[in-house]
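Engineer:
In the numbering used here, the protein residues as written are 331 to 508.
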């Protein structure tokens, strides 16, 4: 997917050695990938780029936050996130991205669109369960949480009444063991 020239790195004119690039990512970036789990987003991406004579090394790091909905209460909250991705770019006969750590570009290529790698790094940093911090410390008050608490299996055990027939059978077992 092509977003803009902001994420296309032209390495042809760069000298060998280390270079540093910084990007700001917001919700619009994720909308271009049809990723709608973020209500809002604000990330800073730092790319440490090392150009060598036969290959390129890219070291991505991200820090920021995304506004997401809690998986339990459906309340919106800011989720701090961070991530890292290391990528080696080599040159070969044809484009190959089968390996997640090594990308092969065709000989003669002079630029690289790295927006897909940034997208994947951030999306993979999202935890499987997004839980509002107010749930853990008990500060979040919500009707959904009250209902979940009422329906929890521990509460049901306390309220369950046993069948008197089973109680009589249990007495027989107790009497037998005496």
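Glycine is no exception: its CB is placed at the ideal position from the N, C-alpha and C atoms.
My parser needs the alpha helix (DSSP H) runs of 4 or more residues fully inside the segment 432 to 456; what are they?
Structural biologist: If we require 4 residues or more, the alpha helix (DSSP H) runs fully inside the segment 432 to 456 come out as 445 to 455.
Engineer: Can you tell which of 424, 369, 446 and 344 has the C-alpha that lies nearest to the C-alpha of residue 417?
Structural biologist: Mapped onto the chain shown, residue 417 falls at position 87. Selected option, being the one with the closest Cα: 446.
Engineer: Mind checking residue 438: buried by the 16 CB within 10 Å criterion, or exposed?
Structural biologist: Walking along the chain shown from the start, residue 438 turns up at place 108. Burial call: exposed.
Engineer: Near residue 422, which residues of its chain fall below 6 Å by C-beta distance, leaving aside the five closest residues on each side in sequence?
Structural biologist: Indexing the chain shown from 1 puts residue 422 at position 92. Counting only Cβ-Cβ distances below 6 Å, and skipping sequence neighbours, we find 434.
Engineer: May I have the straight-line CA-CA distance separating residue 384 from residue 338, to the nearest angstrom?
Structural biologist: Here residue 384 refers to the residue found at position 54 when the chain shown is read from its first residue. Here residue 338 refers to the residue found at position 8 when the chain shown is read from its first residue. Roughly 20 Å between the two C-alpha positions.
Engineer: Quick one: complete alpha helix (DSSP H) runs, 4+ long, within the segment 333 to 393?
Structural biologist: Within the segment 333 to 393, the complete alpha helix (DSSP H) runs of at least 4 residues are 357 to 361.
Engineer: Taking the alpha carbon of residue 348 as the point to measure from, which residue in 336, 356, 372 and 378 has its own alpha carbon closest?
Structural biologist: Counting from one through the chain shown, the residue named residue 348 turns up at place 18. Per the Cα distances, 378.
Engineer: Just how far apart, CA to CA, sit residue 332 and residue 465?
Structural biologist: The residue given as residue 332 occupies position 2 in the chain shown. The residue given as residue 465 occupies position 135 in the chain shown. Because the pLDDT of residue 332 is 44, which lies under 50, any placement of that residue in the model is unreliable, and the number read from its coordinates should be weighed accordingly. So the alpha carbons of these two residues sit roughly 39 Å apart.
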